[in-house]
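Comments concern the structure below.
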Amino acid sequence: MKTIFLRNRKKFTFIFGLLFILSLFLLSSNSTPAVKNIIILIPDGFSVSNNTFVRLYLNGQNLSWDEYICGLVKTYSADAPIADSAPAGTAYATGFKSTTGYISVLPDVANMPGETPIKDNEKKAPIATILEAAKIIGKSTGLVATSNIQHATPAVFAAHYPDRGKYEILGEQMLYNNVDVMLGGGYKYFINRKDKENLIEEAFKLGYKIVKTKNELLNAKENKILGLFADDALAYDFDRNAEVEPSLAEMTKKAIEILSKNKNGFFLMVEGSKIDWANHANDPIGVISDVLAFNEAVKVAIEYAKKNKDTVVIVVSDHSTGGFSIGNKDTSGNYDKKTVEDFLNIIKNAKLTGEGLEKILNADMTEQQIREIIANNYGIKDLTQSEIETIIKYLKDKKEDPKKGGRFNYIIGPMISNRAFIGWTTNGHVGEDVFLAIYHPTNIRLTGVVQNKDIGNYMAKIFNVNLVNLTIEHFQDAEKVFTENKLNYSVDKTDSENPVAIVSDGKNTLKIPANKNYAIFNDKVITVKLINVWNSEKFYISKDLIRLFIKNYK
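Per our numbering, the sequence shown starts with residue 4, numbered consecutively.
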């Protein structure tokens, strides 16, 4: 593993090194406190075109990050021009690109321009994250999202696994990595699990205060909070019950309030998760809803940073989704004749997203009732017969099989888009660059066109940490080390959901449970700083555990 890390380290440019030295000089001046906090806010799936459209919606008003935009970010992954959130987020969290679906582990294949090929023994190996580094140097850490908290973007900062869909494993790793504040959805992935563990009970044992409503969150005084406000994802902001579910800005403000108690500083990641989901559905109302909510969260972060002058705020999307455009095929010959009103009249009439509207509609309604509800909530009074039949069919299919529900924004989104002359190219991701915005108290920023992995390295420089060395210290290939040193090593998979690595020298036995922050040496519980990672094939463990058998292990 050292080989690829050392090769990648040589790619830092001389200019970037000079800039960092300059930043240290400036930050050491008496006039400005040293930077000790990082807040990175990620509007998932957000594009430059989305940004332009929301600005139009706000009558030309700048969004809270506009004045800090300083560059563009190349979003491609290690092996593909179009990135998934898992490798895109991994690049931000670790400084390394990865493969689709992989959460903060090295890729299987690295064949995109500039990427170093992966050796067989390095594939799927965990890489230390900036959150883990912050924790190691004594800072508080936090994750906030509007998706389930185990979703790809929050997970990449505190978990390691080559499958973003394994929410139960990711959530367990995040919990045992002792992130101080985790706020979002995903309650159901902590209970009724395949491994028979109740992670809510484990969270209590680990010292977390569990909160499930907005008031419980706002009134919480503890320094370690697990906020789970929905079984799965939270509602779009337009659909949110403001009495029960906190806004993204409220979660951000509370997270900063808690984390900033630590005099050593903090790291916080905030994700506007469902901007991406709305773009997937080609639903412009969902985009507007959650970009506006994200905008308020960024305001909270920047206001804090400006007041305290010791915080860097980074705003950057992980990739673009949907291929959104202001203008479509219907404007090919008259694009310059269209007014702002032509694009926004339908949009500004919207009161709910498609997800919120779905909760009102049902298959027993008449065609006229459905038309009236659509007209009242979107101002659309000219549904075609084909469109109304599509809606009715969806509702009937959902009644027969509820699992087919939850996708009404895919139905109504395109209907709204067509009337607002909004174009889309896909229901998937696209490979364009995304914008980068940075607030730094002394304006030491990345500029120009940069790689997504440069964001991770930039944050590591701010905290003066080496993620390569941290990886080597905490994620050793257990089988390789112990067998090379003639120790008995095996993995007990009797309980397939809870594999345990077992090491013995004939006198002493070490049992290392997967995804936990402890091991059992004979009868003694040994706590480690980061988690034991089982990547479905190998265990990766801290050198502290290795030294129980090999005293001088380097």
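Note that beta-carbon positions come from the ideal geometry of N, C-alpha and C, so glycine has one too. Every value quoted in this text rests on a predicted model; they were computed, and no experiment measured them.
Below 8 angstroms between beta carbons: does that hold for residue i and residue j?
i, j, result
"Ile288", "Ile419", "yes"
"Glu314", "Ile515", "It should be noted that the sequence gives Thr, not Glu, for residue 314. Contact: no."
"Val319", "Val301", "no"
"Asn331", "Leu355", "no"
"Ile85", "Leu109", "no"
"Thr149", "Ala252", "no"
"Leu134", "Ala158", "no"
"Lys100", "Glu118", "yes"
"Ala136", "Ala504", "no"
"Ala91", "Asp234", "no"
"Gly141", "Asn40", "no"
"Phe438", "Val51", "yes"
"Lys227", "Lys208", "no"
"Pro165", "Gly210", "no"
"Gly3", "Ile152", "Nothing can be reported for residue 3: it is not among the residues displayed for the chain, which extend from 4 to 557."
"Leu186", "Val147", "yes"
"Ile458", "Tyr170", "no"
"Ile291", "Tyr461", "no"
"His477", "Lys532", "yes"
"Asn501", "Asn511", "no"
"Ala308", "Tyr442", "yes"
Any idea if residue i is buried or exposed, counting beta-carbon neighbours within 10 angstroms, 16 or more meaning buried?
i, result
"Thr144", "buried"
"Gly275", "buried"
"Asp436", "buried"
"Ser88", "buried"
"Val316", "buried"
"Ser389", "exposed"
"Gln64", "exposed"
"Ala206", "buried"
"Ala245", "exposed"
"Glu225", "exposed"
"Ser323", "buried"
"Gly48", "buried"
"Asp293", "buried"
"Asn467", "exposed"
"Asn33", "Here Asn33 scores only 45 on pLDDT, less than 50, and its place in the model is too uncertain to base an answer on."
"Val184", "buried"
"Thr132", "buried"
"Lys496", "exposed"
Please check the pair residue i and residue j, which I expect to be a contact at CB under 8 angstroms, by giving their CB distance rounded to whole angstroms.
i, j, result
"Ile363", "Ile376", "6 angstroms"
"Ala162", "Ser107", "7 angstroms"
"Tyr190", "Leu231", "4 angstroms"
"Asn538", "Lys127", "5 angstroms"
"Ala440", "Tyr71", "4 angstroms"
"Leu473", "Ile121", "Leu473 to Ile121, Cβ: 20 angstroms. No contact."
"Ile45", "Thr156", "6 angstroms"
"Ile414", "Thr445", "That pair is no contact at about 50 angstroms."
Using a Cβ-Cβ cutoff of less than 8 angstroms, which residues in the same chain neighbour residue i once the five nearest sequence positions on both sides are dropped?
i, result
"Asp400", "Lys407"
"Arg58", "Gln64, Asn65, Leu66 and Asp69"
"Asn565", "Given that the chain is displayed from residue 4 to residue 557, the structure contains no residue 565 and the question cannot be resolved."
"Met115", "Tyr79, Ser80, Ala81, Asp82, Ala83, Pro84 and Lys100"
"Gly416", "Ala281, Ala284, Asn285, Asp286, Pro287, Ile288, Gly289 and Gly357"
"Asn365", "Leu398 and Lys402"
"Asp498", "Asp198"
"Gly509", "Asn491"
"Ile194", "Asn201, Leu202 and Ile203"
"Gln3", "The structure shown does not extend to residue 3, since the chain is modelled only from 4 through 557, so no value can be given for it."
"Leu75", "Asp436, Val437, Phe438, Leu439, Gly451, Val452 and Val453"
"Thr334", "Lys341 and Phe424"
Does the Cβ of residue i lie closer than 7 angstroms to at least one heavy atom of the ligand FAD?
i, result
"Asp547", "This structure does not include the ligand FAD; it has no bound ligands of any sort."
Near residue i, what residues of its chain come up, given a Cβ to Cβ distance below 6 angstroms and the 5 sequence neighbours on each side ignored?
i, result
"Thr93", "Ser101, Ser107 and Val159"
"Ala378", "Lys384"
"Leu220", "Val214, Gly230, Pro249 and Lys257"
"Lys56", "In the sequence as presented, Lys is not what sits at residue 56; that position holds Phe. Result list for Phe56: Ile329, in chain order."
"Met176", "According to the sequence as given, residue 176 is Gln; it is not Met. Once the five neighbours on either side are set aside, the close Cβ partners of Gln176 are Ala162, Asn518 and Ile534."
"Thr216", "Val247"
"Arg422", "Ile349"
"Asn265", "Ser143"
Could you pull out every residue in the same chain whose Cβ sits closer than 7 angstroms to the Cβ of residue i, ignoring the five residues on either side in sequence?
i, result
"Phe411", "Gly357, Glu358, Leu360, Glu361 and Tyr397"
"Phe485", "Tyr492 and Val506"
"Leu21", "Unreliable positioning characterises Leu21 in this predicted model, as indicated by a pLDDT of 46, which lies under 50. The coordinate reading is nonetheless provided below. So the list is empty, once near-sequence residues are dropped."
"Gly382", "Ile349 and Asn352"
"Ile465", "Val38, Ile41 and Val315"
"Thr255", "Val147, Val273, Ala300, Val303 and Ala304"
"Thr558", "Here the chain has residues from 4 to 557 only, and residue 558 is not among them."
"Asn298", "Leu66 and Ser67"
Does the region 448-461 come close enough to the region 520-529 to have 3 or more Cβ pairs within less than 8 angstroms?
No, they do not touch.
The region 322-342 touching the region 304-313, judged by at least three CB pairs closer than 8 angstroms
no
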